[in-house]
Every structure is written in C-alpha cells, then in structure tokens.
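Residue numbers (this note's numbering), protein chains in the order written: chain A, 5 to 114; chain B, 10 to 475.
Idealized CB from N, CA, C, for every residue including glycine.
What follows is one structure encoded as structure tokens, with my remarks underneath.
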Amino acid sequence: MIRVLIVCSWGMSTSLLVDSLLAAAQAAQYELQVEALSAGEYAARVEECDVVLIAPQIRHLRKSIEKLAISVGKPVALIESFHYATMNGQAVLEQILSLLAGVQEGNGNT
Amino acid sequence: MSGSGIIERSAAWFERYVVPPLGAIASNIYLQAIRDAFIIFTLPLILAGSVFLVLANPPIPALATLLAPYENAILVPYDLSFGLMALFLSFGVAYSLAQYRRTEPVQPGILAMVLFLIATVPVSTLENMTLGQLLPYLGGEGLLVGIMVGILSTEVMRFFRGSRFSIRLPKTVPSNVKRAFEALVPAVLSITAVWLLEWFISSHTFLDTTGSKPVVTQYTIPILLMRVFEPLVVAQNSYWAALLEIILMMLLWSVGIHGMNVVMAIALPFWYTTLAANAANPAHATGIVTEPFFHIFTHLGGSGATWPLVIYMLRSRSSQLRTVGKVALGPAIFNINEPVTFGVPMALNPLMMIPFILVPAIIVTVNYLAFSLGLVHVPIVAQPFTVPVGISGFIATGGDIRGSLLQLVNLAISALIYYPFFKAWERILVAREEAAAQQEEKPITVPVAARARVAATEKLAVKKGG
Chain A
5 MIRVLIVCSW
15 GMSTSLLVDS
25 LLAAAQAAQY
35 ELQVEALSAG
45 EYAARVEECD
55 VVLIAPQIRH
65 LRKSIEKLAI
75 SVGKPVALIE
85 SFHYATMNGQ
95 AVLEQILSLL
105 AGVQEGNGNT
Chain B
10 MSGSGIIERS
20 AAWFERYVVP
30 PLGAIASNIY
40 LQAIRDAFII
50 FTLPLILAGS
60 VFLVLANPPI
70 PALATLLAPY
80 ENAILVPYDL
90 SFGLMALFLS
100 FGVAYSLAQY
110 RRTEPVQPGI
120 LAMVLFLIAT
130 VPVSTLENMT
140 LGQLLPYLGG
150 EGLLVGIMVG
160 ILSTEVMRFF
170 RGSRFSIRLP
180 KTVPSNVKRA
190 FEALVPAVLS
200 ITAVWLLEWF
210 ISSHTFLDTT
220 GSKPVVTQYT
230 IPILLMRVFE
240 PLVVAQNSYW
250 AALLEIILMM
260 LLWSVGIHGM
270 NVVMAIALPF
280 WYTTLAANAA
290 NPAHATGIVT
300 EPFFHIFTHL
310 GGSGATWPLV
320 IYMLRSRSSQ
330 LRTVGKVALG
340 PAIFNINEPV
350 TFGVPMALNP
360 LMMIPFILVP
370 AIIVTVNYLA
380 FSLGLVHVPI
390 VAQPFTVPVG
400 ISGFIATGGD
410 IRGSLLQLVN
420 LAISALIYYP
430 FFKAWERILV
440 AREEAAAQQE
450 EKPITVPVAA
460 RARVAATEKL
470 AVKKGG
C-alpha cells in the first residue's frame, strides 16, 4: 500500500487528478491511497504518508512543504503542470514510483 | 519562431523576478490559516444558513406571500448558523494556525471561542443583554475580532507550551491530563487580558439618552473595531478595490499561483462582512464587492472567465489545445479551470496573460456598473463556486433573472476578447507541432527530453531528502 498526499488549495481540481491516478494505479495493479489536502492539514498529517506531491498552483509554498517533508524523511516533488492540466494519472503514478525508487536507492547507498 | 523565443524568455524573466515576491506574500502563515478557517469552518455554515435565507425570501411571489407570516421563524436557523460565523471563525483560525504550527489544535480553538465571547459581551451589562442584541457581533460584524482572538489563542498557547511558566507535572501523569494543565496558564492569562480590555472599553462608554434619539455609545471590542475598520470596509466595497483585487488575483494566476486563494485570505473578511450586511436586509442591500461578485459573476468557468476558451479549444487545429479542451470541458461546467491555466497554458505565457488579466478586469467593471446602477440586484446569497453559470447568477441575487443575464453578457465579452489571442497562440502551437512532426525520425523528441528533465529534478529533490 502506497499512501500519497497531494498538497493543493481547495481540493477541487485535484480530486479530478486523484480519480485518474487511482484508475492508473488499479490498471497497473498498485494499491494506492491518495488524499488531497490543504497546506495546513498537510503540516498536521505529513507523518501519515509515503510520498508527498505538490499541485502546481501552490508552487509558491514549495519550499516550506519540501522542508517539512524532508525533515520527516518523506520524498516530495512538484507535479509537472502539463500532467496536472491534462489530469494524466499515468504520468503522476510513474512520478510516484520513481520517487519511491529514489528513496530505496538512497537507503541502499548510505 | 523568433516570436515564441521572446515569449519563452519573458516567461523565464517572470518566473525569476515576479513569482518570488508574490509567493512570499501568499505563503504568509497567518493569511493561509485565515483562508483555511473560512473555507473549512465557516463556509459550510454560510451555505447552510443561505438555504434558510432564500426560503425566507423566496423568488416566487406566490410562495413569498404564503411564507411571509413565518419569516422570523424561518430566519432562526439562518441567524444561528450564518449569523454565528465569527464565533466559529475564531475556532477555525486558531485550529488552522495550530495545524501550520504543528501543535495540538483543539485546545487553542476552544480557547479562541471563549476569548471571542468575552470580547463581544459588555462586561458590565451581561445580565441585561438579549441574544438578539449580541447577534450582529457574533456574525458579520465580528469577523475581525474572530480572526484576532484566533491568532492570539494559538500563539499564546504555543508560547507557553514547554516554557518555564507552564505547570509541570510528574511523568506518570497521563498525557491528556497533562495537556489540560499545560493549557491552564495561557488560558487564564489570555482570558484575563481580553476580559479586562472589554471591561475597560464597555464601562468607559455609555448609552446616551439625553438627546432626542438615544445614541449608543457603549462600545465593545467588536463595535470599536468595526468603527476603526469601517473606512476600510467602505473602501473595499468600491470599484477601485474590486479592480485592484481582480488584477492582483490574475497576476498571481498568470505566474501559476492560485490568485483567488491569496487575495481571499486578505479580502474574505471584508467580502463576508459586506455580504452579511446584504443578507441581513435583502430588500435594501447595497454591498457590491462580495465573494459572489468574483466567484459567481466574474470567474465564469474558472478564474479568468475562461469558459469560451474551452469551446474554442475543442475545435482547435493544435492537437495540444484539443487535448486540453477535452479534459477542460467537464471541470469548466463547475467553474474549475486548472486544465486551462496549466494546459493552454495561461500561466507564464506572456501572450495569453494579456487577455487573462484584461477579460476579468473588464468583467469586473461591467459587474460593478450593473450592480451600482441597480440594473441587477446585488448579491445576497452565498453558494459553492461550483454551481454552473446561468443558475448561479439567479441564486446569488436572491432570484433575480437579470443576474443570469449579466453572466451571459460577461461570457460574450470574454468570448470576444479571448478570440484573437487564442488564434495567435494556436498559430504558434501549430507551427511548433509541425516542426516537431518533421523531426519525428530523430531519436530525441521534445516530450522525451521534457520527461528526462522532470526525472532529473525529482532525483535532486529525493537526494536532498536522503
């Protein structure tokens, strides 16, 4: 089970991406749990996930979001805006998997 | 090709010099907490209350006469939901701020409500007050106090947590009990401070009955604050304020930052103060610059009034625009347009930025004229911004069909102005797509290069983490 938090502003547009992401995950037989939440809720619940993604419209909060994620050892990345625009769940799933792979590599090296 | 080169260079300039300062304002933790508090804690109350407000003033005349005798009874749920929004906002601000501060959020939330009530009730005359007299200050006219005590509560609690002034208990005490004692010192101190301030203000101001008309000169903290901020509330309800707000919103969106989200954090208390005043007296309402003014009457199909663009895209010669158009159609019905903003894209696209700012600015002007000249009833009802265009204009005005007409006029304005810009951008994209198609045999195509770049930045972020 991969738990994903997507930090956004209203959760309105991101919910569309969540649907597409879940569909892509099901097709690829990954068990995914995705939640879209605001920056405040994210700060309170960052520990409860494996990967943090940032929606492009709150790019200005990227630094503080990344700092917090890194401080608790969670991989974090910004969603490419064209993938977000086209609600491309497949591409975002690949992004999540490569983030997780990156973490495992990192652990192996140290 | 050189034209698109200039566009790319100026986009990079924008990203480098305009995004950081705007982003800094937008990422202010207090502003974020205030906005979250409105959206998560008070919006449901406002929406639920609005249902009863519509019921008490139904748009159908026959129903209105039928329900007229029960108007006061129907308004009770409205008064005790929408009407209490400042009380719950104080909880929400304290709670949201505590989340950002990563401390326990419920205790500061409860303390904020207590502080809010103490700040609102005149200390010397509590026994003589009725709930009806207090109500205005628990709702629309108490929002500023709600925000202030919310911030105060969380910050005081945080300051005392772990400080040497807080009560220490042995390690064997359960953590719940410990938390309650930890909160005791900051709670008593802040309650005392607000209580003394309220006592001072309310006992040094009196009800003046010597003149022909009794003049209320007994102030409480919210009344005093409203007097102080009244010029600001009035100034905010003006054309120039609305224009400034829309331009700021669209400038932020133009660099890909959620403009509504940022501007709202500052403007929402004013928008709802004005809307609450309208709702309290729908027949003689005069407030224009409110939340529906922007969400319902300006951002048709999403921020920037991009509804017509979606229609244009569906039949575009550019495959990128056609793809985006298909994805954007469904969300546009519910006024969500991130696919447009990031897919066309409008953000960081100096060509499309021009109409992206111009169209809403003109629509705001038309709206302001329509409302101030009385051509359309001013907004009195709050509703989710996702209600489709046409229906939402009717609801927002409390059942004025001209509200829907105004939305249609605005859509026509948007369609006209966007068209030439859309065509110019389409030409650039088609040229690019043709150039890319010619190079198809070569191994490295643009999307692959872009993907490699994404993968590289991701690795960087992870490495920083490890």
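- Listed along the chain, the chain B residues whose CB falls inside 7 Å of the CB of Glu45/A are Gln108.
- Out of Leu234/B, Thr229/B, Phe209/B and Thr283/B, the CA that lies nearest to the CA of Ala244/B is found in Thr283/B.
- As the crow flies, the alpha-carbon of Pro145/B is around 22 Å from that of Thr406/B.
- When Cβ-Cβ separations below 8 Å define contact, Arg7/A makes no contact with chain B.
- The alpha-carbon separation between Leu57/A and Leu103/A amounts to approximately 10 Å.
- Secondary structure of Arg436/B (DSSP, three-state): helix.
- Shortest Cα-Cα distance from Ala288/B to any of Ile49/B, Val336/B and Gly58/B involves Gly58/B.
- Shown here for Ile363/B: same chain residues with a beta carbon closer than 8 Å to its own, the five before and five after excluded, namely Phe430 in chain order.
- Within the segment 116 to 145 of chain B, there are no complete beta strand (DSSP E) runs of at least 3 residues.
- Here Tyr79/B is exposed: its Cβ has fewer than 16 other Cβ atoms, across all protein chains shown, within 10 Å.
- For Asp45/B, the C-beta contacts it makes with chain A under 9 Å involve Ser42, Ala43, Gly44 and Glu45, in order along the chain.
- For the segment 312 to 339 of chain B, the beta-carbon criterion of a distance under 7 Å to any beta-carbon of chain A is satisfied by Thr332, Val333 and Val336.
- Judged by DSSP in its simplified three-state form, Val80/A adopts strand.
- Listed in chain order, the alpha helix (DSSP H) runs fully inside the segment 48 to 129 of chain B are 52 to 65, 70 to 76, 80 to 88, 94 to 110 and 115 to 129, counting runs of at least 4 residues.
- Rounded to the nearest angstrom, the Cβ distance from Val264/B to Ala356/B is 6 Å, consistent with a contact under 8 Å.
- With its beta carbon less than 8 Å from one in chain A, Asn270/B belongs to the interface.
- From the listed residues Val8/A, Ser17/A, Glu70/A and Val11/A, the smallest Cα separation to Glu347/B is found for Ser17/A.
- Chain-ordered, the chain A residues with CB closer than 7 Å to the CB of Gly32/B read His64.
- Residue burial annotation: His386/B is buried, with at least 16 other C-beta atoms found within 10 angstroms of its C-beta.
- Using beta-carbon distances, Phe365/B does not count as an interface residue toward chain A, since no partner is under 8 Å.
- Taking 8 Å as the cut-off, the beta carbon of Ala20/B is found closer than this to the beta carbon of Asn358/B.
- Contact between Leu56/B and Pro393/B holds, with the beta-carbon distance rounding to 7 Å and staying under 8 Å.
- According to the DSSP assignment, Glu239/B belongs to no beta strand (DSSP E) but to the alpha helix (DSSP H) extending over Ile230 to Gln245.
- Using a 10 angstroms sphere on the CB of Val8/A, the tally of other CB atoms reaches 16 or more, which defines it as buried.
- Close partners of Pro348/B in chain A (Cβ separation under 9 Å): Ser17, Leu20, Tyr88, Ala89, Thr90 and Met91.
- Using a 10 angstroms sphere on the CB of His267/B, the tally of other CB atoms reaches 16 or more, which defines it as buried.
- Annotation: Ser401/B has no Cβ neighbours in chain A at a cutoff of 9 Å; minimum Cβ distance is about 15 Å.
- Under the 8 Å criterion on CB atoms, Phe351/B is classed as interfacial with respect to chain A.
- Counting the other Cβ atoms within 10 Å of the Cβ of Ile69/B gives fewer than 16, which makes it exposed.
- It is roughly 32 Å from the alpha-carbon of Ser24/A to the alpha-carbon of Arg110/B.
- The three-state secondary structure of Val353/B, taken from DSSP, is coil.
- Restricting attention to beta strand (DSSP E) runs no shorter than 3 residues, the segment 21 to 84 of chain A encloses them at 36 to 41, 55 to 58 and 80 to 82, ordered along the chain.
- DSSP, reduced to helix, strand and coil, places Ile426/B within a helical segment of the structure shown.
- The alpha-carbon of Val55/A is positioned some 9 Å away from that of Ile10/A.
- Listed by position along chain A, the residues whose Cβ is nearer than 7 Å to that of Ser36/B are His64, Leu65 and Ser68.
- Apart from sequence neighbours up to five positions away, the residues of its chain that approach Glu52/A with a beta-carbon distance below 8 Å are Arg7 and Leu9, ordered along the chain.
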